[in-house]
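>
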Amino acid sequence: MFEKPAELKKLFEEKVNQAAASADVEQLRIEFLGKKGHVAELMQELRNVPNELKKEAGQKINEVKQFIEGAIAERIEEIKKLEEQKLIDSAESYDESMPINADLGSYHPITLVRREVESIFQSMGFTVEDYSEITDDYNCFEALNIPKHHPARDMQDTYYLSSNQLLKTHTSAAQNTILRKYKASLESGKPIRAIFPGRCFRNEKIDACHENTFFQMEGIMVDEEISISNLIYFMKTMLSEVFQRDITVRLRPGFFPFVEPGFELDISCLICGGKGCPSCKDSGWLELCPCGMIHPNVLTAAGIDPEKYTGFAFGLGMTRLAMMRYGVKDIRVFNSGNLKALSQFTEKSFTRPENESKEA
Amino acid sequence: MFVSINWIKDYVDLDGIDIKKLINSFTLATAEVEDIFEKGADVQKVVVGEILSVENHPNSKKLHLLKVDAGFKVCDIVCGAPNVRVGQKVALALAGGRVPGGEINIATVAGYQSEGMCCSEKELGISDEHNGIMDLETDAPNGTDIKALYPIDDIVFEVDNKSLTNRPDLWGHYGIAREFAALTGRELKSLKLGDLSYDGDEQIDVTVGREDLVYRYSCIKMENITKNVSPLDMRIRLYYCGMRGINLLADVTNYIMLEIGQPTHAFNANKIDNIVVSTPKEKMNFKTLDNVERVIDEDTLMIYNGNEPVAIAGIMGGLDSEIVEDTGAVVLESASFDGISVRKSSSRLGHRTDASARYEKMLDPELTLDAVGRFVEIVKSIDPAARVASKLTDKYVRRYAPISLSFNKKYVDKYTGIDISDEQIMKTLTALGFGVEYKDGDYTVSVPSWRATKDVTIKADIIEEITRIYGYDNFAISTTRSPLKPVAVDYSKAEDEEAKDILVKKYNLHEVNSYVWCDGRKYKKLGIDVEDNVKVLNIENSDNGILRNSMMPTLLVMANENKDFAEKYGLFEIGRVVDGTDENGRANEKKRLGVVLYDKSGDEKSLYFKAVEMINCIIGETKQKKAGYSKIAPEHNWQHPKNTAEILIDGKKVGVLCALHPANRAKFDKTAAAVAFEIDMNSFNEINAASISFREPSAQQSTYYDLSLVLGENTKFSELEACWEKLGLAELESVKVIDTYEKAGFRSITVRLVFIAMDRTLEMDEVQGWIDSILANLNAIGVSIRA
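Here the protein sequences line up with chains H and B, keeping their order. Anchor point for the first sequence: position 285 equals 285 in this note's numbering, and the numbering is continuous, going up by one each time. Anchor point for the second sequence: position 62 equals 62 in this note's numbering, and the numbering is continuous, going up by one each time.
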């Protein structure tokens, strides 16, 4: 009897090493530890052992039982590891460089540029206004101090409509409406700060540089003490934000009936930094946006007292900005609906600058 | 416009001033300079030579062999010009020198050595005269540099005409010189005007018929003009400023125009005795001096001699009264016509001239007499025998009102935001010709006539004068004093952008921009009719004139044009359409989201349901509401008669979803399918969003109940929904479709209704009661349980 546990242990050790799968081990467990297994058999036999030896014999059986239990658990663990390893070995190594989900959607580049610029202005306290594409002679010209016989009002520049209206030729057409909208709030002491992006239309022949349908953005600021000095400061700050770098600006006199004085604002060429290159026709400057102090007649037309309030206005060519930003050379791309071109402007919520400033 | 620095120097002393810097400050203070040319830089080592002998070339009829005295030596020159003679003084370009055509080298020409080149004016780049080599009228010793004789060296700059549109005074050198004087702080010299005195009785009779179109008409007669060719100095200036030399009188009128901006016209005096300025009674033909027959309408101002038309006022003279070479006497017209009338006439004629371009800018009528004075002065200085042969006629029929503006120093400070000294203000305004009265900070400024035709009318205009000369680069810049206030969210806009985000990021659609008018030709390809609407009156292509009343056709056209882009794609745009006109006849502009989905494989049904999914998502995400649909008859004939539905929120129509009519689908593509929808964002934005209503999750066990239902042919799911929604059960947590079956007119659907209560585990009896009620409702609309 006393030899039997040792023999059992030996038998188990032989078998356990042959068990290669967890099913084999389970088989062993039943064979040795099951209700009718070898260990149980030994326990049955314990009845025949004289009482004074029972304790020792029982201990021996127990030792073997514990040994087998331990070994089985160990073996199961080992086999599990082996099986996992097999899964790992046989697993496919995924190629992350495979082109996946090639069907990304895309935004129109104007939407991307407009969103960027709008968020800059919103952070500077400007409201973003909406304005129609169709307007009338009063809003597009009359209220902007553009006299009846100004060439801008000729048929060759403006699309006139059968409804006695016209397609707005510039976003300045929204000035009168916006000024009126905020007149009361201005008089209660809140400055007017507003931008209005929108599509404009000019009766032009279309080529790589000219479109009859394009986007502009107008901005105005009106308050009690807005000066030319403020205008220059603001334009420089705003453009540095838009172009995500420090921008040098210069102002030249420019004539627009709705501002006085009016300016053409140039920025130092972004490509050559002002040294002169083909992009800036060797001048070192790029003509970027017209701006100026709002003409007193324009304020008056909106019911705002020009003796008390002054302000400035500026226009940004959004289409032009998008061309600069993305290196689009042919303006016709924008209205082409050509998805081979437009689908490149994929899910971009914003563009982080390449040479981001580390300073706060 | 081209500006010659030599010419400017006639009126402002620029000695010791860096010209390039000065031109740059002109750009910053006055108008943009587009280009600077250094004239004469490529004329080097060209000297006065004298032809000592002329021999014919033995083998060439054209060439001559010359010996030319160049002062320091005698050169052998092979010359092809016909006008060579012994004793002639020539412009000799020496070997080692250069002319605009290139470097001059010793060369062998037709077997003979040539040590230089005798030049024509054209070869020196000083005119386009090229009939022969120059025949210099000079006593200068041989070897003298040609540049010592003629003003070949000059700096010429080009100003962008567009930046001069509001400055009539800058359309001549004298006005530019005034700017330079103000910029440099130097004196502007006055114009030298000839003596107009005349003893006789003769005077040109002038009648102004249309006083509304004329400010002033001045004229004078000169006679005994014997010279025909203008001096080289003058021709060089004209040429450098972009004009061709013609003959003395034409050149002098051009010269005056370039100098003071006032166009003049020299009539052949033999053809003129009684000038009438008026418009024709009826349309007529008229041949201008460029030998073109033009049609003149009743609104075009003309100059007549008696009844005979002789010129189109302010635009061009007639061929018949042109000055020809034997003209010994001229009548000089120096007039100020209405700028708008000249612009309109020239635009109707399709003929813009240097003169009309200037009149358009509203010239100062005070200039007419300056022009007369300059004409007499210049002609006499060139041809001393010429004399004034009539009294001056000067009809000043309309005047611009003098302008006087008052403001104070405080106003200037407020407008500029900086402190520009009174001294600086006065100096600037005076230099620019303004009359300035100043007392204790108060200014009264009279505007000079040349700025008073439209340019300077209010005190803000004076600010510009002060600041531009002060220099914007010199401004101290400062931020506004008003504090930033937070900007209120514009939810309409936020919804538009959210809709775009959903379509791009969730459904991989592509955003496009399209034109607001219909392209009739492209519509036709898809069999889409252009529907009547507000139209653009002046668009070049008449197929394009009508404004769109829906986004969908434009996008269908674009979808059709992108067939080689991918197998399956969708595009969208938020744009404007015109929904007819309002009671005042004004366009109803609407902001609409248009979407078109395209699938080459032609599975229309799944495209249609994809569109429904997008609509549900947009409405769900932005409004927390459910989209409703209701079939409608097609609104446009390209829409599918059966599958066109309006999109509803809270029962209110916000848009339309449709498949294509089979006829249009066939034109689109044989196999492909396209589905379109449009949401009126104005209506959409007006609908309030529901807030998210939070429901505590129940800790109780839920119970579900599956119903397999047999539907009628036209039963809609929304009708089934109503059958359980009617009960208003708080315990009905969700309903899901778990199976559908459709075959040969038999439609069946299995729905799983999940019930749960907050406070108890539901008993089957209770649930069965609800199910019975639901089944009763279903029965009422003809829906039964599948056997």
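Using N, Cα and C, we set each Cβ at its ideal position, and we do this for glycine too.
So, using beta-carbon positions, are B:V372 and B:S334 closer together than 9 angstroms?
The residue labelled residue 372 of chain B in the question sits at position 372 within the second sequence. The residue labelled residue 334 of chain B in the question sits at position 334 within the second sequence. Their beta carbons are under 9 angstroms apart, which means B:V372 touches B:S334 by this criterion.
> Tell me the start and end of each unbroken alpha helix (DSSP H) in the stretch 328 to 405 of chain B that is at least 4 residues and wholly inside, in chain order.
Complete alpha helix (DSSP H) runs here, min 4: 339 to 349, 354 to 359, 367 to 382.
> Within a Cβ cutoff of 7 angstroms, which residues of the same chain sit near B:G40, ignoring the five residues on either side of it in sequence?
To locate residue 40 of chain B, count along the second sequence from 1; it is residue 40. Result list for B:G40: K147, I152, D153, D154, in chain order.
> For B:L94, tell me which candidate among B:T479, B:V516, B:G143 has the shortest Cα-Cα distance.
Locating residue 94 of chain B in the second sequence gives position 94, where the first residue counts as 1. The shortest C-alpha separation from B:L94 is found at B:G143.
> Which of the three DSSP states, helix, strand or coil, is assigned to H:V192?
Here residue 192 of chain H refers to the residue found at position 192 when the first sequence is read from its first residue. It is worth fixing the name first, because residue 192 of chain H is Ile in this sequence and not Val. It is a strand residue.
> Take B:N56 as the anchor and find which of B:V78, B:K73, B:F677 has the nearest alpha-carbon.
Numbered from its first residue, the second sequence carries residue 56 of chain B at position 56. Measuring from the Cα of B:N56, the nearest candidate turns out to be B:V78.
> With DSSP as the reference, label B:E713 as helix, strand or coil.
The count along the second sequence starts at 1 and reaches residue 713 of chain B at position 713. Correct three-state label for B:E713: coil.
> Could you tell me whether the stretch 499 to 510 of chain B touches the stretch 98 to 114 of chain H, where touching means 3 or more Cβ pairs closer than 8 angstroms?
Output reads yes: the stretch 98 to 114 of chain H touches the stretch 499 to 510 of chain B.
> Thinking C-beta only, is B:K600 closer than 9 angstroms to B:T671?
Walking along the second sequence from the start, residue 671 of chain B turns up at place 671. Walking along the second sequence from the start, residue 600 of chain B turns up at place 600. Contact flag set, yes.
> Which of the three DSSP states, helix, strand or coil, is assigned to H:A360?
Here the question's residue 360 of chain H lines up with position 360 in the first sequence. The predicted model places H:A360 with a pLDDT of 43, which falls under 50 and marks its position as unreliable, so this point remains unresolved.
> Counting only beta-carbon separations shorter than 9 angstroms, does H:I110 have a partner in chain B?
Locating residue 110 of chain H in the first sequence gives position 110, where the first residue counts as 1. Closer than 9 angstroms to some Cβ of chain B, the Cβ of H:I110 qualifies, so yes.
> Taking the continuous beta strand (DSSP E) assigned at H:Q216, which residues delimit it?
To locate residue 216 of chain H, count along the first sequence from 1; it is residue 216. Residues 213 to 223.
> Can you tell me which of the three DSSP states B:R592 falls into?
Along the second sequence, one-based indexing puts residue 592 of chain B at 592. Residue state, collapsed to three classes: strand.
> Can H:V16 and H:L28 be called in contact, C-beta distance under 9 angstroms?
Within the first sequence, residue 16 of chain H is the residue found at index 16, counting from 1. Within the first sequence, residue 28 of chain H is the residue found at index 28, counting from 1. Contact: yes.
> Can you list, in chain order, the residues of its chain with a C-beta nearer than 8 angstroms to that of B:A107? Leave out the 5 residues immediately preceding and following it.
Residue numbering aside, residue 107 of chain B sits at position 107 when the second sequence is read from its first letter. Cβ within range, chain order: Q113, S114.
> Identify each residue in the stretch 535 to 560 of chain B for which the Cβ-Cβ distance to at least one residue of chain H is less than 7 angstroms, and report them in chain order.
Answer set for the stretch 535 to 560 of chain B: K535, V536, L537, N538, I539, M558.
> Under 9 angstroms, CB to CB, which of the residues in the stretch 480 to 492 of chain B have a partner in chain H?
Residues T480, R481, S482, P483, L484, K485, P486, V487, A488, D490, S492.
> Do we get a CB-CB distance below 9 angstroms when we pair H:F334 with the residues of chain B?
Indexing the first sequence from 1 puts residue 334 of chain H at position 334. Chain B, which has a Cβ nearer than 9 angstroms to the Cβ of H:F334, makes this yes.
> Alpha carbon to alpha carbon, how far is B:T453 from B:W171?
Position 453 of the second sequence, counted from the start, is the residue given in the question as residue 453 of chain B. Position 171 of the second sequence, counted from the start, is the residue given in the question as residue 171 of chain B. Each residue's alpha carbon lies about 14 angstroms from the other.
> With a threshold of 9 angstroms between beta carbons, is H:M318 in contact with chain B?
Position 318 of the first sequence holds residue 318 of chain H. Chain B, which has no Cβ nearer than 9 angstroms to the Cβ of H:M318, makes this no.
> May I ask you to list the residues that DSSP assigns as paired with B:W517?
Residue 517 of chain B sits at position 517 when you count from the first residue of the second sequence. The partner list for B:W517 (beta bridge, DSSP) reads B:L547.
> Taking only the alpha-carbon atoms, compute the straight-line gap between B:R451 and B:I315 and give it to the nearest angstrom.
Translated into positions along the second sequence, residue 451 of chain B becomes position 451. Translated into positions along the second sequence, residue 315 of chain B becomes position 315. In a straight line, the C-alpha of B:R451 is about 23 angstroms away from that of B:I315.
> Alpha carbon to alpha carbon, how far is H:F334 from H:C209? Give it in angstroms, no decimals.
Residue mapping note: residue 209 of chain H aligns to position 209 of the first sequence, counting from 1. Residue mapping note: residue 334 of chain H aligns to position 334 of the first sequence, counting from 1. C-alpha separation (whole angstroms): 12 angstroms.
> Between H:S90 and chain B, is any beta-carbon pair separated by less than 9 angstroms?
Counting from one through the first sequence, the residue named residue 90 of chain H turns up at place 90. False, the Cβ-Cβ gap to chain B never drops below 9 angstroms.
> Which chain H residues are close to B:G585, counting only those with a beta carbon under 7 angstroms from its beta carbon?
In the second sequence, residue 585 of chain B corresponds to position 585, counting from 1. Simply S163, N164.
> Would you please verify whether the beta carbon of H:F263 is less than 9 angstroms from any beta carbon of chain B?
Along the first sequence, read from residue 1 onward, the residue named residue 263 of chain H stands at position 263. By this cut-off, H:F263 is an interface position.
> Once the 5 residues before and after H:L231 are set aside, which same chain residues still bring their CB inside 6 angstroms of it?
The sequence position of residue 231 of chain H within the first sequence is 231, counting from 1. Taken in chain order, the residues that qualify are F312.
> At a CB-CB cut-off below 7 angstroms, which residues of chain H make contact with B:D461?
Taking the second sequence and counting its residues from 1, one reaches residue 461 of chain B at position 461. The answer, in chain order, is E260.
> When the distance is taken between beta carbons, is B:R237 closer than 9 angstroms to B:L213?
Numbered from its first residue, the second sequence carries residue 213 of chain B at position 213. Numbered from its first residue, the second sequence carries residue 237 of chain B at position 237. Not a contact, by the Cβ cut-off of 9 angstroms.
> Taking Cβ positions only, does H:D130 come closer than 9 angstroms to chain B?
The residue given as residue 130 of chain H occupies position 130 in the first sequence. By this cut-off, H:D130 is an interface position.
> Helix, strand or coil for B:N777 per DSSP?
Residue 777 of chain B sits at position 777 when you count from the first residue of the second sequence. In the structure shown, B:N777 sits in a helix (DSSP, three-state: H, G or I).
> Would you kindly work out how many angstroms separate the C-alpha atoms of B:D13 and B:E187, rounded to a whole number?
By 1-based counting over the second sequence, the position of residue 13 of chain B is 13. By 1-based counting over the second sequence, the position of residue 187 of chain B is 187. Going from the Cα of B:D13 to the Cα of B:E187 covers about 8 angstroms.
> Nearest to H:A184 by CA position, among H:Y326, H:N62, H:D305, H:L11, is which residue?
Position 184 of the first sequence, counted from the first residue, corresponds to residue 184 of chain H. For the residues H:Y326, H:N62, H:D305, H:L11, the minimum Cα distance to H:A184 belongs to H:D305.
> Does the beta carbon of H:M370 sit closer than 9 angstroms to a beta carbon anywhere in chain B?
Outside the shown range of chain H (1 to 360) lies residue 370 of chain H, about which nothing can therefore be said.
> Which residues bound the beta strand (DSSP E) around H:W285?
Locating residue 285 of chain H in the first sequence gives position 285, where the first residue counts as 1. Taken as a continuous stretch (DSSP letters only), the beta strand (DSSP E) holding H:W285 covers 285 to 294.
> Start and end of the beta strand (DSSP E) containing B:C658?
Here residue 658 of chain B corresponds to residue number 658 of the second sequence, with the count starting at 1. Its beta strand (DSSP E) spans residues 652 to 660.
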